[in-house]
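Scroll down for the structure; my scribbles are underneath it.
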Amino acid sequence: MGHLFIRVAVLAASAALAGCVSSGAPASAPSYATAGESSAPANALIVRGDRLFVPARFNGRQVEALLDSGAEMTILDRAFAEELGVVATGSHTARGTGGETEAAFAKGVDIEAAGVELVDRIVAVIDLSDIAERLVKASVPAIIGRDLFDAARFEIDIEAGRIEKTDRAAAPSGARLPMETHKGLQTIPVSVEGNAPAQADFDLGNGGNVLVGAAYAERLGLTAPGRIVDRQTGGGLGGEIARDIVVLKTLEIAGETFTDVPAAIDPTENAADVNVGVRILRRFRMTVDFAENALWVEPR
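For the sequence shown, the residue numbers in mature numbering (1 follows the signal peptide of the UniProt record, and there is no 0) are -18 to -1, 1 to 282.
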């Protein structure tokens, strides 16, 4: 199972949005009226396996949205967008961990989640039915991406099921890790098997194994005979792909060392050196601040 980022330049879509207007949803549109509603409090982080959801409102309609810090922008499922009366325009290529898929864009979407209001936003509109059926095993009306994290500082405790906007004047607990931006995603330093630090995508949308980019894996000798222990299917947006599986002897983050860590080798051309998702990040209490390029982590 792979994470769900979208690599689309928002600026490239602006011209297509110039004439975007709202209209009523087609009568044949599937209904999200009750399927995704949530009575959970606003600071709830809904944890299902290694997938994270938050209660969210889109133009006033409440649903449970998949949370994905590795998505470059928020995404509406095509049927949900139609139900909201949001009209998507244009045709663009979105690149996910499984390959490429078609995306359109819409403007004028108001989003409320985790104590944050995002007004008049541009969102991507993509058919998320494959993600829902193959990875999440439940309806996915929307994916909330990094635009939420760009807007505020959050305390996140996955095991406690909590995400809460927090005051930047308060000193966070834990070790501070600097963040960098790589191909539209925030990264943190990690060490694989004692090697020099590499930049790893910070990806709350990755509900599967740690990912290691194919080029980086080769440099570390992870593709040598005897290191590959299995081959499994994965991939997020763009469909399913096969990946070789290795076991990392150690993975170190902020002085915490994890041993015998299953990892999938990511063969896609845009793969980061490393990608860490929920299976690792749930071991920490975290304070996340994309605007200040910082992540504070405290082991549980």
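No residue lacks a Cβ here, since even glycine has one placed at the ideal position from N, Cα and C.
Owing to the predicted nature of the structure, the values given are computational and were not obtained by experimental measurement.
- Item | Own chain partners of residue 273 with C-beta closer than 7 angstroms, once the 5 adjacent residues on each side are dropped | 132
- Item | Supposed contact pair residue 120 and residue 62 - C-beta distance, whole angstroms, cut 8 angstroms | Not a contact, Cβ separation roughly 14 angstroms.
- Thinking residue 310 and residue 161 are a contact (beta carbons under 8 angstroms), I'd like their distance in whole angstroms, please. For residue 310 there is no data in the structure shown, the boundaries of the chain being -18 and 282.
- Task: Could you name the residues that DSSP lists as bridge partners for residue 238?
- Result: Per DSSP, 235.
- Are the beta-carbon atoms belonging to residue 157 and residue 236 less than 7 angstroms from one another? Yes, they are a contact pair.
- Do the CB positions of residue 89 and residue 113 come within less than 7 angstroms of each other? no
- Counting only the same chain and skipping the five closest in sequence on each side, list residues whose C-beta sits under 8 angstroms from that of residue 126. 36, 38, 47, 48, 49, 50, 53, 56, 93 and 95
- Do three or more CB pairs link the segment 254 to 268 to the segment 179 to 195 at distances below 8 angstroms? yes
- Query: Just curious, the alpha helix (DSSP H) that residue 285 is in, first and last residue?
  - Reply: For the chain, the structure presents residues -18 to 282; residue 285 sits outside this window and is missing.
- Message: Taking the alpha helix (DSSP H) that residue 260 belongs to, which residues open and close that run?
- Response: 260 to 263
- Query: By Cβ distance, which residues of its chain are closer than 7 angstroms to residue 266, with the 5 residues on each side in sequence left out?
  - Reply: 279, 280, 281 and 282
- My guess is that residue 230 and residue 243 are in contact by the Cβ rule of under 8 angstroms, so how many angstroms apart are they, rounded? Residue 230 to residue 243, Cβ: 4 angstroms. Contact.
- Query: Comparing alpha-carbon positions, which option in 143, 180, 174 and 22 lies nearest residue 164?
  - Reply: 180
- Using a Cβ-Cβ cut-off of 7 angstroms (strictly less than) and excluding sequence neighbours within five positions of residue 145, which residues of its own chain qualify? 25, 27, 36, 96, 136 and 138
- Straight-line Cα distance separating residue 249 from residue 232: 21 angstroms
- Compute the beta-carbon to beta-carbon distance between residue 277 and residue 140, rounded to the nearest angstrom, for a pair I have assumed lies under 8 angstroms. That pair is no contact at about 14 angstroms.
- Query: By a C-beta neighbour count over all protein chains shown, 10 Å radius and 16 as the cutoff for buried, is residue 269 buried or exposed?
  - Reply: Residue 269 counts as buried, since at least 16 other C-beta atoms from the protein chains shown sit within 10 angstroms of its C-beta.
- According to the Cβ coordinates, are residue 65 and residue 73 closer than 7 angstroms? no
- Endpoints, alpha helix (DSSP H) assigned at residue 367: The structure shown does not extend to residue 367, since the chain is modelled only from -18 through 282, so no value can be given for it.
- beta strand (DSSP E) runs contained entirely in the segment 172 to 200, provided each spans 3 or more residues: The segment 172 to 200 contains these whole beta strand (DSSP E) runs: 180 to 184 and 192 to 195.
- Message: Using CA atoms only, rank isn't needed, just tell me which of 208, 155, 30 and 234 is closest to residue 177.
- Response: 234
- Spatial distance of residue 193 from residue 33 (CA atoms): 16 angstroms
- Item | Limits of the unbroken beta strand (DSSP E) element including residue 39 | 33 to 40
- Query: Any idea which residues DSSP pairs residue 266 with across the strands?
  - Reply: 281
- Task: Please classify residue 154: is it buried, with 16 or more other beta-carbons within 10 angstroms of its beta-carbon, or exposed?
- Result: buried
- Look up residue 204 in the DSSP assignment and say whether it is helix, strand or coil. coil
- Give me the Cα-Cα distance between residue 108 and residue 100, rounded to the nearest whole angstrom. 20 angstroms
- Which class does residue 114 belong to by DSSP, given the choice of helix, strand or coil? helix
- Task: Look at residue 206 and residue 228 and say whether their C-beta atoms are less than 7 angstroms apart.
- Result: No, Cβ-Cβ distance for residue 206 and residue 228 is not below 7 angstroms.
- Item | Same chain, Cβ closer than 7 angstroms to residue 172, five either side skipped, listed in chain order | So the list reads 179, 180, 182, 233, 234, 235, 256 and 258, once near-sequence residues are dropped.
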